[in-house]
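The sequence shown begins at 1 in full-length UniProt numbering and counts up by one.
Note that the Cβ used here is the ideal one computed from N, Cα and C, for glycine as well.
The structure displayed is predicted, hence computed values, not measured ones.
One structure below.
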Amino acid sequence: MELTQEAREKLFARQRAAVERQRARNEEKLADPEYRQKQVDKAREAQERQREKRLLQLQSPEYWEKRREIIARKRSTVLNTSTKPRKAIKSRGNKGRTPTAAERRIMDKLGALPCIACLIHGKVSPLISLHHIDGRTAPDAHAHVLPLCNFHHQHAAPADIREQYPWLLPVHADGNVGGPAEFEKANGTQRDLLAEAYRRAGIERLKN
């Protein structure tokens with residue numbers, strides 16, 4: 001049924017009054033310092049959660065698998081369009097010797113930890129790989145390994161993430177980002193991190 005002009009005016013008046021009451025309540029809230037501080041805290045916490053969610057997403061195996069696929073497709077395109085012979089790509093590093101049984105037990109315990117460099121900054125990054133701090137062939141070399149996330153190990157985090165977490169630098173330099181010196185300046189020495197990892201893993205002594 002169509003409303004009369006008087007009914008429409010009353011409806012509009014009620015709507016305007018409701019809007020005005022809501023506006024007054026909002027102004028009253030905004031005038032309260034405690035309420036404003038709570039809103040600021042909520043916004044900051046939400047922003048922090050979003051950044052941490054993105055960081056975990058960037059550290060996921062699926063992310064790097066997609067990245068490798070994109071690089072492989074680009075490389076394939078270049079190879080198909082190039083007429084010059086290309087040199088074989090040299091492998092970075094080597095597998096070294098096979099770990100002893102004792103070293104393997106230590107590696108298993110350390111590999112169960114989240115990233116040790118993130119942990120000292122109060123963050124937990126469960127996806128890790130083991131970084132050998134003394135190479136792969138020396139005595140006890142496989143016992144001297146650090147559990148590190150991808151962005152602490154060998155790939156630079158995006159610039160906006162590094163701005164938020166300036167200590168998130170790879171121990172293996174990625175372009176002009178990271179490297180042993182910068183990594184240790186931001187996160188402590190690799191030997192100190194190893195001692196902390198041993199402590200958290202319940203390993204009795206640090207092998208020298």
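May I ask which residues mark the beginning and end of the beta strand (DSSP E) holding P166? In this chain, P166 is not harboured by any beta strand (DSSP E), its DSSP state being neither H nor E.
Which residues DSSP lists as bridging L193, in chain order: Beta-bridge pairing links L193 to no other residue.
Keeping to the same chain, check which residues put their C-beta closer than 6 Å to that of residue 230; ignore five residues upstream and five downstream. Absent from the structure is residue 230, since the part of the chain shown begins at 1 and ends at 208.
So, under 8 Å CB-CB, residue 216 and V124 are touching, yes? Tell me the CB distance rounded to an integer number of Å. Here the chain covers residues 1 to 208 and nothing more, so residue 216 does not appear.
Between the Cα of A173 and those of H155, A18, A13 and D108, spot the shortest distance and give me the residue it belongs to. Measuring C-alpha to C-alpha distances from A173 to each of H155, A18, A13 and D108 identifies H155 as the nearest.
Check whether the Cβ atoms of R199 and L113 lie closer than 7 Å to each other. For R199 and L113, no; Cβs fall outside 7 Å.
Within the same chain, show all residues whose beta-carbon is closer than 7 Å to that of Q57, passing over the 5 residues directly before and after it, in chain order. Within the same chain, Q57 has close Cβ partners Y63.
Assigned secondary structure, residue 257 (DSSP; H/G/I helix, E/B strand, else coil): Summary: the structure shown does not reach residue 257, with the chain confined to residues 1 through 208, and so no result is reported for it.
Using 10 angstroms around the beta-carbon of F12, count the other beta-carbons present and answer buried if the total reaches 16, otherwise exposed. Its Cβ having fewer than 16 others within 10 Å, F12 is exposed.
Is there a C-beta anywhere in chain C that falls below 7 Å from the one on R23? The question asks about chain C, but that chain is absent: this structure has only one protein chain.
Buried or exposed by the 16-neighbour rule on C-beta atoms within 10 Å, applied to P147: With 16 or more Cβ atoms within 10 Å of its Cβ, P147 is classed as buried.
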